[in-house]
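**Student:**
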Amino acid sequence: MSVRYIESKKTFLLQTKNSTYQMKVSDYGYLLHLYYGERLIDEDLSYLIQLKDRGFSPNPNEAGHDRTFSLDFLPQEFSSDGSCDYRLSSIEVKNGDGSYAFVGKVAKHEIYAGKYSLAGLPSLWATEKDQVDTLEIWLKDSTTQLTVVLCYSVFEEKDIITRAVKVRNDSGDTIYLNRIMSMTMDFMDSDYDFIHFDGRHTMEREWSRNPLAYGIQNVGSFRGASSHQHNPFTILCERGASEDDGRCYGFSFVYSGNFMCKVEKDQYDQARIVMGIHPKHFSYQLKPGERFTAPEVVLAYSGEGLTHLTHLYHRVYRENLCKSPYVKKERPILINSWEAAYFDFDEAKLLKIAKEAVDMGVELFVLDDGWFGNRNDDNAALGDWDVNTAKLPSGLQGLSENIHAMGLQFGLWIEPEMVSENSALYRKHPDWCLQMPRRQPSRGRYQLVLDLSREDVRDYLVTSINAVLDSTRIEYVKWDMNRFITDAWSAIAEKEKQGEIYHRYILGLYDIMNRIILTHPKILFCGCSGGGGRFDPGMLYYQPQIWCSDNTDAVCRLRIQYGTAFVYPVFAMESHVSVCPNHQTGRTVPLATRGVTAMGGILGYELDSTKLSEEEKRICREQVAAYKRDYPLIAYGDYYRLTNPYTFSEYVAWEHVSPDQKEALISLVLTEKEANDAQRFIKAKGLNPRTQYRVEGMKGSLSGQALMSAGLPVPGNLLQYEAVQYHIKAL
Ligand code: DGJ
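Taking our numbering, the leading residue of the sequence shown gets 11, the next gets one more, and so forth.
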């Protein structure tokens with residue numbers, strides 16, 4: 011078993027192939043954190059707990075005259091708020107008597123084979139082959155009878171540990187949970203860098219790395235979605251850690267709503283990191299006997315640098331997260347109507363785009379926004395999921411049949427979570443949107459957010475969206491969400507439960523996704539929120555690919571995809587070739603380069619194919635053929651970052667290597683050209699040093715050792731924004 015309790019030492023031991031996690035029940039019943047890191051055989055690391063009488067660090071009452079035991083500095087697994095610990099807390103609870111304390115002591119534990127489950131929430135699942143074991147530790151406050159159950163599942167072979175928290179109100183009082191972190195992790199040192207992924211609409215998941223400083227660093231979202239601004243994935247790594255070396259810890263939150271990740275460097279040079287639902291405006295009422303389940307955090311430890319950390323996440327998210335059968339299927343090459351036509355289309359125009367796309371090698375035509383109600387711009391019709399017959403006289407059915415007759419599949423855009431004020435739905439049910447009493451709701455893109463905490467709203471959406479999906483042959487759906495939440499107040503929730511609305515919205519979203527997406531396994535679903543405003547593992551549980559960004563500029567995309575692929579598998583990043591000058595940046599980049607960048611994810615097109623020249627269509631055909639040939643390598647191979655665009659500006663390079671190391675593809679885009687520049691060599695990674703490889707276009711062969719140590723020349727004649735790819739095959 012990968013989980014054990016060593017009774018004589020009172021230690022809990024979690025072992026993965028390459029990591030060890032250890033906790034200890036202390037003298038007074040508190041659960042202390044001992045260690046997470048490189049795998050150790052030792053069953054007892056209790057010596058790491060060094061007690062000391064420290065001024066102004068209070069001692070729990072039961073410690074009597076012992077002034078050396080203080081939760082102010084001891085490493086804990088779940089901090090007991092209101093009991094001598096002044097650092098970031100794991101919980102804030104308002105008890106029935108108005109007090110705010112939770113003092114949790116180990117009451118019992120359970121160890122069992124298999125993975126825990128989290129009601130209503132997406133989480134990793136285990137196959138029999140994974141041999142996952144679970145530990146649940148019950149921390150009970152003997153005064154209030156509130157119990158917090160800490161859940162740990164160990165994916166031994168995959169070097170992954172998942173954590174979640176469940177709260178049980180076994181008291182006779184109604185309590186309010188104002189903060190509940192899914193994970194708290196203490197480190198007895200703090201010489202770490204904090205890596206996080208920040209951004210904005212059209213420039214998501216920008217890599218950021220800073221050393222821990224005294225005080226608190228904070229990332230998170232209070233936008234009702236995981237957001238473009240911060241991603242719910244962070245890393246703590248040794249100061250010197252590189253791609254190939256150093257201790258690195260990953261924290262990935264399987265949740266699509268408000269989140270918070272904070273890291274604190276304390277007075278004794280220790281570090282604490284917490285991750286969970288954002289506590290702002292969160293207050294969850296628990297009546298006697300009621301329970302709360304906090305979402306999952308997926309932990310990974312790599313002692314071999316950041317690349318290995320990425321590989322651990324890619325593997326587990328590829329094999330144990332997404333429910334869609336498309337995870338294992340080749341994705342069709344699509345063309346999307348958005349940047350081709352925006353709202354300005356009719357059936358004839360769409361069919362012309364589709365017809366030319368066939369000539370490019372495209373396999374799927376996607377009709378984006380604007381096909382329903384009176385949706386001629388983005389001010390109207392969200393909520394009215396009936397086809398606009400003025401634009402599409404033969405309806406979705408006729409359009410779909412015509413598209414299929416060309417040999418293409420048919421895909422459709424929807425945005426179920428929203429309502430326009432100018433819509434039949436809003437006129438009929440004005441109280442169905444989130445809005446506060448006596449205030450006019452804020453608009454975003456001139457639309458309001460439907461109250462998914464309500465069952466009647468959810469039922470309406472499930473019925474109306476399923477009716478569309480079942481009305482004709484649809485093989486692909488883009489599920490969009492184009493504004494963040496404000497006015498989080500529900501017309502039917504009691505006053506005391508309004509602090510639950512942000513979370514209940516997300517639970518409602520997962521509910522409708524269960525009833526729309528999981529009931530249509532044959533449809534390939536793509537997530538979207540104005541591009542990558544909700545690129546998180548919660549969404550990936552339902553949708554195997556997500557529109558990475560509304561920015562289709564091939565150069566900006568290099569950075570966006572660099573950050574995204576730090577944790578999310580390559581096959582999750584939908585990436586399109588669009589026209590130049592680019593609609594977002596005005597930049598012009600060769601079509602070949604746009605193809606190379608888009609091939610760094612799931613390749614597609616987003617342009618008016620009727621405006622392409624014969625030569626451009628030929629290039630697209632070649633791109634499609636190359637992508638289809640390399641798809642297994644790109645989608646399922648090991649992904650390596652060869653450069654960091656934030657520290658090196660000349661070019662961006664990355665590599666995909668087949669699991670058997672027999673094939674590799676290096677892609678490189680020149681981002682900053684200087685005249686008469688230095689000769690550069692790009693060094694491969696992940697090859698077998700002793701294998702001889704042939705590099706397409708080069709004479710003879712080279713050893714893996716030479717390719718990785720000496721490298722391949724970057725062509726000197728490459729101009730600004732040009733790209734090159736190296737196909738490497740074992741002899
Ligand atoms: C935002 C998406 O990211 C775009 O690709 C497009 O679908 C628009 N919404 C449509 O409104």
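All residues carry an ideal CB built from backbone N, CA and C; glycine is no exception.
A quick note: this is a predicted structure, and the numbers were derived from the prediction, not measured.
(1) Tell me which residues share the same chain as ARG301 and place their Cβ nearer than 7 Å to its Cβ, disregarding the 5 neighbours each side in the sequence.
(2) Jot down the residue ranges of each uninterrupted beta strand (DSSP E) in the segment 23-108, minimum 3 residues, whole runs only, in chain order.
(3) Roughly how many angstroms lie between the CA atoms of LYS507 and ASP497, to the nearest whole one?
(4) Could you tell me the distance, in whole angstroms, from the CA atom of GLN730 to the CA atom of LYS333?
(5) I'd like to confirm the pairing. Which residues does DSSP put opposite TYR650 in its beta bridges?
(6) Only counting the same chain, and skipping five residues up and downstream in sequence, which positions put a Cβ closer than 7 Å to that of TRP135?
(7) Ignoring anything shorter than 4 residues, give me the alpha helix (DSSP H) runs that lie fully in the segment 432-512, in order along the chain.
(8) By the DSSP assignment, the beta strand (DSSP E) with THR317 in it spans what residues?
(9) What does DSSP give as the partner residues of LYS150 in its beta bridges?
(10) Regarding LYS401 and the ligand DGJ, is the C-beta to nearest heavy atom distance less than 7 Å?
(11) Just the C-alpha distance for GLU314 and SER218, rounded to the nearest angstrom, thanks.
(12) Taking the C-alpha atoms as reference points, what is the distance between ALA582 and SER18?
(13) Along the chain, where does the beta strand (DSSP E) that runs through ILE413 open and close?
(14) Who pairs with HIS206 in a beta bridge, going by DSSP?
(15) Does the beta carbon of LYS150 fall short of 7 Å from some heavy atom of the ligand DGJ?
(16) Hey, how far is the Cα of PRO492 from the Cα of ASP441?
(17) With distances taken Cα to Cα, identify the nearest neighbour of SER404 among ASP394, TYR46, PHE382 and PHE292.
(18) Does the separation of the CB atoms of LEU409 and VAL372 fall below 8 Å?
(19) Put VAL177 into one of helix, strand or coil per three-state DSSP.
(20) Return the residue from the list LEU58, ARG49, TYR40 and SER99 that minimises the CA-CA distance to ILE71.
(21) Is the beta carbon of HIS593 closer than 8 Å to that of GLY614?
(22) Can you give, in chain order, each stretch of the alpha helix (DSSP H) that sits fully within the segment 560-629 and has at least 4 residues?
(23) According to DSSP, is GLY548 part of a helix, a strand, or is it coil?
(24) Could you round the C-beta distance between GLY721 and LYS693 to whole angstroms and report it? I think they count as a contact, below 8 Å.
(25) Can you tell me the Cα-Cα spacing of PRO547 and GLY380, whole angstroms?
(26) Keeping to the same chain, check which residues put their C-beta closer than 6 Å to that of THR184; ignore five residues upstream and five downstream.
(27) Return the Cβ separation of ALA235 and ARG468 in integer angstroms, given the expectation that the two are a contact with Cβ distance under 8 Å.
(28) Does the ligand DGJ have even one heavy atom less than 7 Å from the beta-carbon of ASN492?
(29) What is the DSSP secondary structure of SER777, reduced to helix, strand or coil?
(30) Out of ILE171, THR194 and HIS119, which has the shortest C-alpha to C-alpha gap to GLU87?
(31) Put LEU361 into one of helix, strand or coil per three-state DSSP.
(32) Determine, using beta carbons only, whether LEU460 and PRO451 come nearer to each other than 8 Å.
(33) Could you pull the start and end residues of the alpha helix (DSSP H) that ALA251 belongs to?
(34) So, is LEU50 buried or exposed, given that buried needs 16 or more other C-beta atoms within 10 angstroms?
(35) Mind checking ASN686: buried by the 16 CB within 10 Å criterion, or exposed?
(36) Starting from GLU673, trace the beta strand (DSSP E) in both directions and tell me its first and last residue.
**Tutor:** Put simply:
(1) By one-based count along the sequence shown, residue 301 stands at place 291. The residues are LYS176, VAL177 and ARG178.
(2) 29-35, 41-48 and 101-104
(3) Here residue 507 refers to the residue found at position 497 when the sequence shown is read from its first residue. Here residue 497 refers to the residue found at position 487 when the sequence shown is read from its first residue. Going by the C-alpha atoms only, they are around 14 Å apart.
(4) Position 720 of the sequence shown, counting from 1, holds the residue named residue 730. Position 323 of the sequence shown, counting from 1, holds the residue named residue 333. Those two C-alpha atoms are separated by around 41 Å.
(5) Start at 1 with the first residue of the sequence shown, and residue 650 comes out as number 640. Paired residue(s): GLU665.
(6) Start at 1 with the first residue of the sequence shown, and residue 135 comes out as number 125. The residues are LYS125 and ASN330.
(7) 434-438 and 465-481
(8) For the purposes of this step, residue 317 is taken as the residue at position 307 of the sequence shown. Per DSSP, THR317 belongs to no beta strand (DSSP E); it is in the alpha helix (DSSP H), 316-329.
(9) In the sequence shown, counting from the first residue as 1, residue 150 sits at position 140. Paired residues: LYS115 and THR157.
(10) Residue 401 sits at position 391 when you count from the first residue of the sequence shown. Outside the cutoff, so no.
(11) For this step, residue 314 is matched to residue 304 along the sequence shown. For this step, residue 218 is matched to residue 208 along the sequence shown. Distance between the alpha carbons of GLU314 and SER218: 20 Å.
(12) On the sequence shown, residue 582 is found 572 positions in, with the first residue counted as 1. On the sequence shown, residue 18 is found 8 positions in, with the first residue counted as 1. Using only the alpha carbons, I get a separation of about 46 Å.
(13) Translated into positions along the sequence shown, residue 413 becomes position 403. It is not in any beta strand (DSSP E) - ILE413 instead sits in the alpha helix (DSSP H) that spans 405-415.
(14) Here residue 206 is taken as the residue at index 196 of the sequence shown, counted from 1. Answer is SER218 and THR244, bridged to HIS206.
(15) The residue you call residue 150 lines up with position 140 of the sequence shown. Outside the cutoff, so no.
(16) Residue numbering aside, residue 492 sits at position 482 when the sequence shown is read from its first letter. Residue numbering aside, residue 441 sits at position 431 when the sequence shown is read from its first letter. Pro is not the amino acid found at residue 492; the sequence shown has Asn there. Approximately 20 Å between the Cα atoms of the pair.
(17) Numbered from its first residue, the sequence shown carries residue 404 at position 394. Comparing Cα positions, the closest option is PHE382.
(18) Position 399 of the sequence shown, counted from the start, is the residue given in the question as residue 409. Position 362 of the sequence shown, counted from the start, is the residue given in the question as residue 372. Not in contact: LEU409 and VAL372 (Cβ atoms no closer than 8 Å).
(19) The sequence position of residue 177 within the sequence shown is 167, counting from 1. Note: VAL177 maps to strand in three-state DSSP.
(20) One-based indexing of the sequence shown puts residue 71 at position 61. According to the sequence as given, residue 71 is Asn; it is not Ile. That would be TYR40, whose Cα lies nearest to the Cα of ASN71.
(21) Here residue 614 corresponds to residue number 604 of the sequence shown, with the count starting at 1. Here residue 593 corresponds to residue number 583 of the sequence shown, with the count starting at 1. Contact: no.
(22) 564-574 and 601-608
(23) By 1-based counting over the sequence shown, the position of residue 548 is 538. Here GLY548 sits in helix by DSSP.
(24) As a working mapping, residue 721 is identified with position 711 in the sequence shown. As a working mapping, residue 693 is identified with position 683 in the sequence shown. Confirmed, about 4 Å.
(25) For the purposes of this step, residue 547 is identified with residue 537 of the sequence shown, where counting begins at 1. For the purposes of this step, residue 380 is identified with residue 370 of the sequence shown, where counting begins at 1. Those two C-alpha atoms are separated by around 29 Å.
(26) As a working mapping, residue 184 is identified with position 174 in the sequence shown. Cβ within range, chain order: LYS297.
(27) Within the sequence shown, the letter at position 225 stands for residue 235. Within the sequence shown, the letter at position 458 stands for residue 468. Incorrect: roughly 17 Å between the Cβ atoms, too far for contact.
(28) By 1-based counting over the sequence shown, the position of residue 492 is 482. Yes, the ligand DGJ has a heavy atom inside 7 Å of this Cβ.
(29) As shown, the chain starts at 11 and ends at 741. That puts residue 777 outside it, with no answer to give.
(30) Along the sequence shown, one-based indexing puts residue 87 at 77. Considering only alpha carbons, the answer is THR194.
(31) For this step, residue 361 is matched to residue 351 along the sequence shown. Looking at LEU361 - three-state DSSP - the assignment turns out to be helix.
(32) Taking the sequence shown and counting its residues from 1, one reaches residue 460 at position 450. Taking the sequence shown and counting its residues from 1, one reaches residue 451 at position 441. Against a cut-off of 8 Å, the Cβ pair of PRO451 and LEU460 comes out as no contact.
(33) In the sequence shown, residue 251 corresponds to position 241, counting from 1. From DSSP, ALA251 is part of no alpha helix (DSSP H); its letter is neither H nor E.
(34) What you label residue 50 is simply residue 40 of the sequence shown in a count that begins at 1. Exposed is the call here.
(35) Here residue 686 refers to the residue found at position 676 of the sequence shown. Answer is exposed; the Cβ neighbour count stays below 16.
(36) Taking the first residue of the sequence shown as 1, we reach residue 673 at position 663. First-last of the beta strand (DSSP E) with GLU673: 673-680.
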